[in-house]
Amino acid sequence: MKLLFRYAMLIVPDREKKINQAKGDVKNMIAKAVSE
Numbered sequence: 026m027k028l029l030f031r032y033a034m035l036i037v038p039d040r041e042k043k044i045n046q047a048k049g050d051v052k053n054m055i056a057k058a059v060s061e
């Protein structure tokens, strides 16, 4: 059980980073579309 918890603690921050990266990519795409 402890091992599972540690595994989750490793995965969650990585997932958050990917979500934030995806949000940034979408913002960049919108900015490009608006500026063109």
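In this text, residue positions in the sequence shown follow the working numbering: the first is 26, and each later residue adds one. Glycine is no exception: its CB is placed at the ideal position from the N, C-alpha and C atoms. Treat the numbers as computed from the prediction; the structure is a model and nothing was measured.
In the three-state reduction of the DSSP assignment, E41 falls in the helix class, which pools H, G and I. One Cα belongs to V59, the other to L28, and the distance between them is close to 47 Å. Straight through space, the alpha carbons of N45 and L35 are spaced by roughly 16 Å.
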